[in-house]
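Asker:
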Amino acid sequence: MHNDVEKVLISTEELKRRIAELGKQISTEYAGKEILMIGVLRGAVLFMADLARAIELHVSMDFMAVSSYGAGTTSSGVVRILKDLDESIEGRHVLVVEDIIDSGLTLNYLLDNLRSRKPASIKLCTLLNKPERRKVEVNIDYNGFDVPDYFVVGYGLDYAERYRNLPYIGILKPEVYQGDE
Ligand code: PRP
Numbered sequence: 021m022h023n024d025v026e027k028v029l030i031s032t033e034e035l036k037r038r039i040a041e042l043g044k045q046i047s048t049e050y051a052g053k054e055i056l057m058i059g060v061l062r063g064a065v066l067f068m069a070d071l072a073r074a075i076e077l078h079v080s081m082d083f084m085a086v087s088s089y090g091a092g093t094t095s096s097g098v099v100r101i102l103k104d105l106d107e108s109i110e111g112r113h114v115l116v117v118e119d120i121i122d123s124g125l126t127l128n129y130l131l132d133n134l135r136s137r138k139p140a141s142i143k144l145c146t147l148l149n150k151p152e153r154r155k156v157e158v159n160i161d162y163n164g165f166d167v168p169d170y171f172v173v174g175y176g177l178d179y180a181e182r183y184r185n186l187p188y189i190g191i192l193k194p195e196v197y198q199g200d201e
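Residue numbers (my numbering): 21 to 201.
1) So, is D104 buried or exposed, given that buried needs 16 or more other C-beta atoms within 10 angstroms?
2) Ordered along the chain, which non-local residues of its own chain (more than five positions away) have a Cβ less than 7 Å from that of Y50?
3) Taking all protein chains shown into account, do 16 or more other C-beta atoms lie within 10 angstroms of the C-beta of G92, making it buried, or fewer, making it exposed?
4) Can you grab the Cα-Cα spacing for the pair V25 / E152, in whole Å?
5) What does DSSP give as the partner residue(s) for S141 in the beta ladder?
6) Ligand 1 and A64: does any heavy atom of the ligand fall closer than 7 Å to the residue's C-beta?
7) Quick one, which of N159, G43, L71, E118 has its alpha-carbon nearest M84's?
8) Going by alpha carbons, who is nearest to I46 out of M21, V173, I142, V172?
9) State the CB to CB distance for the pair I39 and Y188, rounded to an integer number of angstroms; the pair is presumed to be in contact (CB under 8 Å).
10) Can you name the residues that DSSP bridges to F165?
11) Assuming N128 and V156 make a contact with CB atoms under 8 Å, what is their CB distance in whole Å?
12) Is there at least one non-hydrogen atom of ligand 1 closer than 7 Å to the beta-carbon of I121?
13) Work out the CA separation of K53 and Y183 for me, nearest whole Å.
14) Going by the DSSP bridge assignment, what does K27 pair with across the sheet?
15) Are the CB atoms of L192 and V173 within a distance shorter than 8 Å?
16) Counting along the chain, where does the beta strand (DSSP E) carrying K2 start and finish?
17) Does V199 pass the burial test, meaning 16 or more other C-beta atoms within 10 Å, or should it be called exposed?
18) Grouping DSSP H, G and I as helix and E and B as strand, with all else coil, what is M21?
19) Taking the straight line between their C-alpha atoms, what separation do you get for L66 and K138?
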């Protein structure tokens with residue numbers, strides 16, 4: 021275990037098992053269709069790479085990057101698109117892939133934005149969900165794990181851009197971020 025991690029919340033094995041289950045469920049429910057996975061940079065990259073390999077259908081991938089509403093911007097839920105999709109999603113079966121849904125503000129905005137582009141369908145898949153922190157309702161179609169309101173890192177999730185490469189979800193030691201909050 022990494023020195024800055026207090027506890028492993030979700031092990032590599034648990035991640036593997038749950039992602040295999042999600043892949044099976046998605047493969048069954050989308051049978052006969054082609055999926056366009058849209059990853060929200062940067063946290064979703066690791067999850068998306070493993071989830072895609074657990075889906076036994078044709079899958080395309082595209083990515084978006086959005087600015088955080090935090091850090092002195094707004095809490096209205098309006099987020100800025102830093103990198104838009106490369107392709108049109110009109111008529112496509114879109115599966116938005118996230119690492120974590122927290123307040124719900126980012127995804128609430130993003131899903132509305134994507135819906136206006138007339139996809140054939142749009143669903144949301146998140147690895148982690150923090151229901152305690154929700155500010156706006158978000159309908160999650162596929163959820164890996166509900167997690168308590170701890171500072172979690174690893175498997176795509178960062179603190180100051182570090183720890184994304186940990187192969188598990190861990191709880192960060194408070195002394196690592198103390199004074200920064
Ligand atoms: C995280 C996560 C979501 C958003 C969720 O991204 O990937 O996009 O925050 O929070 P919300 O439900 O409160 O809107 P972050 O801004 O940390 O960027 P990153 O993926 O590049 O780490």
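Virtual Cβ for every residue (Gly too), placed ideally from N, Cα, C.
Answerer: Per the coordinate set shown:
1) exposed
2) L77, H113
3) Note that G92 scores 48 on pLDDT, short of 50, meaning its location in the model is unreliable; the coordinates nonetheless yield the value given after this. Under this definition G92 is an exposed residue.
4) 22 Å
5) H113
6) yes
7) E118
8) I142
9) Not a contact, Cβ separation roughly 13 Å.
10) L148
11) 5 Å
12) yes
13) 35 Å
14) I191
15) yes
16) Because the chain spans 21 through 201 in this model, residue 2 falls outside it and cannot be assessed.
17) The amino acid at residue 199 is misidentified as Val; the sequence shows Gly. By the neighbour-count rule (16 or more Cβ atoms within 10 Å), G199 is not buried but exposed.
18) coil
19) 28 Å
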